[in-house]
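A quick write-up on the structure given underneath.
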Amino acid sequence: MAVIYAQGTMVASGTDGRDTIYGDELSNQLWGNGGNDRIYGGAGDDFISGSRGRDRLTGGDGYDGFFFGSSALLGTSTDVITDFNKKYDSILLSKYAFAGIGKANNWLKSSAFWQGTKAHDSNDRIIYNPKNGTVYYDADGTGSKEAIPFAKIGAGRKMSSTDFWVEDL
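The letter at position 21 of the sequence shown is residue 21 when you use the UniProt record's numbering, and the numbering goes up by one with no holes.
Structure, rendered in structure tokens:
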């Protein structure tokens, strides 16, 4: 287990162990890598990625982006975002990992988002379940393949496609 501080730096990366990573007032890039990490963004506008493991992500003050790539789709690592605020924060999705969600460097296409307990048509890829607060990726939108949970943001929210940004990563 390591405790890592990003004081005065822009990028901090964890290890394959269970790390605690702290950002500062700068706009940090904080990467958990492997293990079940706790990542705290601090006061800046941060890019936060838990990567592999079951991580707890806290953006803190500022406009924060919580990134999910291919490791989010392994079905073994649902990260918890403790302070998601749709007014300031975004969930960032890799265009390479999440097929059918839209063009890179753009908001998630509206037809690819659904708020409900499961997909309702074949276009739905990102599903937010307001009953349990979980965000899922559905590769086909039909239910023939099970949707994969990748983030928990809290129950009872009103989410939309503009809470998700498609990254060219």
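All C-beta atoms in this analysis are idealised placements derived from N, C-alpha and C, irrespective of residue type, glycine included.
Since this is a predicted model, take the numbers as computed values, not measurements.
Can you name, in chain order, every residue of its own chain whose Cβ lies under 7 Å from the Cβ of residue 13, other than the five neighbours on each side? Excluding residues within five positions, the ones whose Cβ falls inside 7 Å are 31, 33.
Are the beta-carbon atoms of residue 99 and residue 125 separated by less than 9 Å? With respect to residue 125, residue 99 sits close: the two C-beta atoms are nearer than 9 Å.
Measure the C-alpha to C-alpha separation of residue 138 and residue 127 and round it to an integer number of angstroms. Residue 138 and residue 127 have their alpha carbons spaced roughly 7 Å apart.
Residue 53 to residue 162 span [Cα, whole Å]: Distance between the alpha carbons of residue 53 and residue 162 is about 26 Å.
Whose C-beta lies closer than 6 Å to the C-beta of residue 80 among residues of the same chain, with five residues either side of it excluded? Excluding positions up to five away in sequence, the list reads 56, 152.
Assess contact between the stretch 62-69 and the stretch 84-99, defined as three or more Cβ pairs (one per stretch) separated by less than 8 Å. Is contact present? Yes: the two stretches touch, three or more of their Cβ pairs being nearer than 8 Å.
What residue from 27, 165, 58 has the CA that sits closest to residue 101's CA? For the residues 27, 165, 58, the minimum Cα distance to residue 101 belongs to 165.
Judging by CA-CA distance, which residue of 156, 160, 149 is the nearest neighbour of residue 76? Residue 76 has its Cα closest to that of 149, out of 156, 160, 149.
Looking at residue 157 and residue 84, is the spacing between their C-beta atoms short of 9 Å? Cβ distance < 9 Å, so residue 84 and residue 157 count as in contact.
CB contact flag (residue 29, residue 16, <9 Å): Not a contact, by the Cβ cut-off of 9 Å.
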